[in-house]
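Just so you know, the sequence shown maps onto residues 0 to 562 in numbering that gives the first Met the number 0.
Cβ coordinates follow ideal geometry from the N, Cα and C atoms, glycine included.
None of these values were measured; they are calculated from a predicted model.
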Amino acid sequence: MKHVRGPLCTIDVGEQTVETESIDDVLESSIGGRALTTKLAHERIPFDADPLGPENRLYFASGPLQHATMSFTGRMSATGVSPLTDGLLSSNAGGFLSRNFTGTGYSTVEIAGASDELVIVHVTDEGVEFEPVPELEEATVPETCDYIDDEHGLGSEHTVVIGPGGENEVRFASIMTSEERAFGRGGLGAVLGAKNVKAITFDGDSTHEVEIPSLQMEIHGEAAQSDSPMRDQGTTSVATYANMVEALPTRYFSELSYEHIDDISGDRVEEKKYKKGTCSACAFACKLPTKDEETGLETEGPEYETLMAFGSNSGVDDIVDVMKSNKLCDEFGLDTISAGDVVAAYLASEDEFGNADLIHDTVEKIAYREGIGDDLAEGIDRVHDDLGVENWSVKGMEFAAHDGRTLNGQGLAFATSNRGADHMYAEFYPYEYPLVDADDAFDKEGLEDKPPKVVELENINAIKDSAVLCKFSRSFMTEERIETLLDADYEELLALGGEIVALERHFNNQRGFDREDDTLPYEIPGFEQGLDEYYEERGWNDDGTVPASALESGGSDGAPADD
Ligand code: SF4
């Protein structure tokens, strides 16, 4: 099995110490990325760690495919205990960081402790330095990137940065890289903020030998020639279709389609797109640099999920207003999905859907925890009672689009996800729209035959997050190709993916998570039976906890729970 190379670098930002250690045994059994960092986190973070305390640890890791020049590999993984969900969580970002991270020579960087003063940590192939930066207190992401470029000659592709959102410990603060790309979901920006780390830079020329098969060039060529609509409209290419089949949350989840979809659709985003955008080494180039000529507003996106959260779910029908929300979130370092849904909850409580000025003002208040923003910064799960609205979250995480009331398999996947209501954990929705071959498609309604598929998709996505492989490679990555690229049997990979999902679940069980947390704010026909089938397929207990036996097998062999 291919795996990433290089030691673990542990940086205690409180003690300002650095330790390097070989972790070859972990590398050999875990490919890289999410598998690697989940194993380390499970061993090294206390089960009762406060997500915002010094005992929480934050991991960054690349995978073996970051040594390739193949499309769909411009990504990295980060892992820690989430202040939003209170569970172990991995987040994934694109952009141009991963090759610079690999250049440091480390497979994994672990941030421990908490600094007394605001610092930037510089990681290179020659060592680690700590730079106090009190002058960057509450600086935005672009301001911080400019500082690093001016003072150190390192562009934003060398950095992870937090904005005021992370510093103020907003529970859904993102970590930004390449200025506009986000480790978005789960509030890992607040973890970095609690450690008083404003930014980390990565630079170096280290190389490790990881031989990647020539198949990488074939895939690269196909990506460059692809006629996928994603190459013009990114993820927004699905917006009109999702709306048509009533899977687009609208006005704080009170409706399933939006009458103004044509005003915020993929076509509108494409009209604002002014050049190609991509991640490192990716010829698919699905990113969306956009500009509004009239106002001069420039941003990257909005992606489909942001169109939902700040568009339909907030009752906004002007694409430029959605672009501005997107830009503010990127500058302040906030996850656009959670931020948009939280703002939509506030709009519902105030009967102010569509009020773009209020939306933009509220986003800023959240980032700086001013007034109502201080409450909203806690997320829907913690604030919905005060607002007098329903709790649209799973395990504390706000919902992504692809509504499970219409796409019932995706609904089950929202419930079982260790990360909460995130669409990329299992990514079931393409099988119900369908965006896959007819042979693989499922009817939207009901859960018949779906639980084993949820398990399989969760497992293979854990592998993609470990390789690290972009999920948008779906139509290019046959089972055979994944086997060839990672030099491993597909069943072996699924078992490893299952092991990672079980490790996350086991960690979260120790923090009190069980079946009661695998729940939805709506009914799906056959939901409880579907959940039973999911646990049985995984070899977990029927209360949603992981028996010791399933920690090894991942439950992918369907072995029954034994304790
Ligand atoms: S497919 Fe899109 S998101 Fe994925 S690596 Fe390529 S450009 Fe980045």
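Per DSSP, which one or two residues make a beta bridge with residue i?
i	result
N574	Shown here, the chain extends from 0 to 562; a query on residue 574 therefore has no answer.
R170	Bridge partners of R170: none, in fact.
M175	V160, A181
F129	V120
L502	The partner list for L502 (beta bridge, DSSP) is empty, contrary to what the question assumes.
T544	Note: T544 sits in no beta bridge, so no partner.
D517	In the DSSP output, where bridge partners are listed per residue, D517 has none listed.
D11	T16, A111
E254	T249
Using the C-alpha atoms, what's the distance from residue j back to residue i?
i	j	result
K271	G496	39 Å
K286	A92	12 Å
K1	V127	28 Å
L87	I211	31 Å
G185	G164	13 Å
L64	S324	34 Å
D516	E292	46 Å
A222	S392	35 Å
F526	L411	7 Å
F283	G73	11 Å
T294	E397	31 Å
I523	S253	16 Å
S173	M75	14 Å
P248	E18	47 Å
Q509	V454	22 Å
T78	G188	11 Å
S90	T335	14 Å
I365	M243	33 Å
P546	G538	8 Å
R21	E27	Sequence check: residue 21 is Ser here, not Arg. Going by the C-alpha atoms only, they are around 12 Å apart.
Y303	S155	24 Å
T298	T158	19 Å
E208	E363	46 Å
S256	E245	5 Å
F201	D124	9 Å
A67	Y489	20 Å
V196	E42	23 Å
A445	N407	Before going on, a small fix: residue 445 reads as Gly here, not Ala. If I take the Cα positions, the gap works out to 6 Å.
T544	D513	6 Å
A40	I260	42 Å
D464	A343	30 Å
D531	I218	39 Å
F71	S472	6 Å
A399	M307	8 Å
V118	I161	11 Å
R4	R504	27 Å
D385	M69	49 Å
G102	S61	11 Å
T239	D317	15 Å
F427	G192	33 Å
Should residue i be counted as a contact of ligand 3 given a C-beta to heavy atom distance under 7 Å?
i	result
D204	The model on display carries ligand 1 but not ligand 3.
Any beta carbon of chain C sitting closer than 8 Å to that of residue i?
i	result
L287	The chain inventory of the structure shown lacks chain C, comprising one protein chain alone.
State whether the segment 227–246 contacts the segment 27–35, with contact taken as three or more CB pairs (one from each stretch) at a distance under 8 Å.
no
Can you list, in chain order, the stretches of the alpha helix (DSSP H) that have 4 or more residues and sit fully within the segment 469–499?
Within the segment 469–499, the complete alpha helix (DSSP H) runs of at least 4 residues are 478–485.
Is there contact here, the segment 449–469 with the segment 496–510, by at least three beta-carbon pairs under 8 Å?
A contact between stretches requires three or more CB pairs, one per stretch, nearer than 8 Å, and the segment 449–469 meets this requirement with the segment 496–510.
At least 3 beta-carbon pairs within less than 8 Å: the segment 364–371 vs the segment 274–283:
no
Any beta strand (DSSP E) of 3 or more consecutive residues that is wholly inside the segment 181–243
196–202
Let me know the alpha helix (DSSP H) ranges lying completely inside the segment 37–120, each 4 residues or longer, listed in chain order.
96–102
If you scan the segment 266–314 from start to end, which runs of the beta strand (DSSP E) of 3 or more residues do you find wholly inside it?
288–290, 297–299
In chain order, what are the residue ranges of uninterrupted beta strand (DSSP E) at least 3 long that sit wholly in the segment 312–347?
none
Jot down the residue ranges of each uninterrupted alpha helix (DSSP H) in the segment 357–441, minimum 4 residues, whole runs only, in chain order.
371–375, 379–386, 407–415
Evaluate the contact criterion for the segment 130–146 versus the segment 75–90: three or more CB pairs, one atom per stretch, below 8 Å.
The answer is no - the segment 75–90 does not touch the segment 130–146, with fewer than three Cβ pairs under 8 Å.
Answer yes if the segment 343–362 comes into contact with the segment 406–420, meaning at least three C-beta pairs across the two stretches below 8 Å, and no otherwise.
no
Three or more beta-carbon pairs under 8 Å between the segment 344–355 and the segment 307–320, yes or no?
yes
Looking at C-beta atoms only, is the number of pairs between the segment 328–344 and the segment 430–440 that lie closer than 8 Å three or more?
no
May I ask you to verify whether the segment 439–449 touches the segment 459–473, counting CB pairs closer than 8 Å and requiring at least 3?
no
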